[in-house]
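Those protein sequences? They're chains A and B, same order as listed.
Okay, so the first sequence: first residue is 1 according to the UniProt record's numbering, each after it adds one.
Okay, so the second sequence: first residue is 1 according to the UniProt record's numbering, each after it adds one.
By construction, the Cβ of each residue, glycine as well, lies at the ideal position given by its N, Cα and C atoms.
Since this is a predicted model, take the numbers as computed values, not measurements.
Number of protein chains: 2
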Amino acid sequence: MLAKTIFTRTILVSRCFASAASKTLKVGDVLREARVYSSEDVKSYAEVSHDWNPLHFDQELARKSGFENRLVHGMLVSSMFPRIISSHFPGAVYVSQSLHFRSPVHIGDEILGLVQATALRETKNKYIVKFSTRCIKNNTELVVLDGEATAILPSLHML
Amino acid sequence: MLAKTIFTRTILVSRCFASAASKTLKVGDVLREARVYSSEDVKSYAEVSHDWNPLHFDQELARKSGFENRLVHGMLVSSMFPRIISSHFPGAVYVSQSLHFRSPVHIGDEILGLVQATALRETKNKYIVKFSTRCIKNNTELVVLDGEATAILPSLHML
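Structure (structure tokens):
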């Protein structure tokens, strides 16, 4: 059930590595994943976050406010970053995240999330890793969201 | 249905204003809301975010990792901030958010979210407002999450 949910909604999962099975994370490595956000995703996210901002549900208001269509919650799109990190490093603990919402994400847009390791240090058998994080609209160069994250990883070995 | 979902899960909604009906936002004003995150919330959030980090589902792993219990996703707790802002200012557009996860939030913890306006300017009949944002464990002074947000509000009139 969980696997079905994940794989029917995630349309592309790719890594930048030829030999992923034995890969350990290094500075410069990029993890990526793409997803299309549906109207059902937006409703489910509103139900759990309690964020019923009408920009996500009222197409006329969204258009009057200058958008092409109803918006996907920015914090739902942002959830790609910890999702990508923890899918490769189960047990990762999030320390910080900055988020700059640079362009709207509309329902139906295909969004590519990219997480790149930029700094790494070991402490007490764990690893503090900084990542640059960004989301772009697929097939364009348009950055819709960027920022930085820091996470504590239990290991540098990637699933 | 929506109202039921919101009000059964939100255990306290309060404002710092005596005359909220006619209130317009000023620098220094604080909006607040509290919530207890349940195991069902964590599962629902994982379903929509695809973030199945075992720290949220495996109590033994969470304890071995140094936590008291299973964790609530940090980005779910963070969703309090746009929720609080847009519930008072429907049509608000999120511009940025910084997040520092300072202490774990466990399933069952009661978390109080506080959003304080720190700067405000008008541009093209809209309002760019900066907020300090933080979450504390209720009945303690423990800050579990803090940061800053910027949002564009269509009006300073608060619902």
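{"Item": "Do you know offhand how far L120 (chain B)'s Cα is from A34 (chain B)'s?", "Value": "25 angstroms"}
{"Item": "Kindly indicate the opening and closing residues of the beta strand (DSSP E) around residue 160 (chain B).", "Value": "Because chain B in this structure spans residues 1 to 159, residue 160 (chain B) falls outside the shown range and cannot be described."}
{"Item": "Would you mind working out which of B:A117, B:R70, B:G113, B:S49 sits nearest I136 (chain B), comparing C-alpha positions?", "Value": "B:G113"}
{"Item": "Does any CB atom of chain B fall closer than 8 angstroms to the CB of Y45 (chain A)?", "Value": "yes"}
{"Item": "Hey, does L25 (chain A) have any beta-carbon neighbour from chain B nearer than 8 angstroms?", "Value": "no"}
{"Item": "Contact defined as beta carbons within less than 8 angstroms: I believe S132 (chain B) pairs with Q116 (chain B). What is the distance between those atoms, to the nearest angstrom?", "Value": "5 angstroms"}
{"Item": "With burial defined as no fewer than 16 other Cβ atoms inside 10 Å of the residue's Cβ, what is the status of V27 (chain A): buried or exposed?", "Value": "exposed"}
{"Item": "Would you say P154 (chain B) touches the ligand HEM, meaning its beta carbon is less than 7 angstroms from a heavy atom?", "Value": "In terms of ligand content, the structure shown is empty, and the ligand HEM therefore cannot be addressed."}
{"Item": "Check whether chain B comes within 8 angstroms of S132 (chain A), counting only Cβ atoms and requiring the distance to be less than that.", "Value": "no"}
{"Item": "What does L61 (chain B) touch in chain A if you count any residue whose Cβ is under 9 angstroms from its own?", "Value": "P90, G91"}
{"Item": "Residues of chain A with CB closer than 7 angstroms to the CB of M75 (chain B), please, in chain order.", "Value": "M75, S78, S79, P82"}
{"Item": "Using the three-state DSSP reduction, which class does T107 (chain A) fall into: helix, strand or coil?", "Value": "This sequence places Ile at residue 107 (chain A); Thr is not what is there. It is coil, neither helix nor strand."}
{"Item": "Please tell me whether L156 (chain B) and Y127 (chain B) are closer than 8 angstroms, where the distance is taken between their beta carbons.", "Value": "yes"}
{"Item": "Tell me where the beta strand (DSSP E) around residue 174 (chain A) begins and ends.", "Value": "Outside the shown range of chain A, which is 1 to 159, sits residue 174 (chain A), and nothing can be said about it."}
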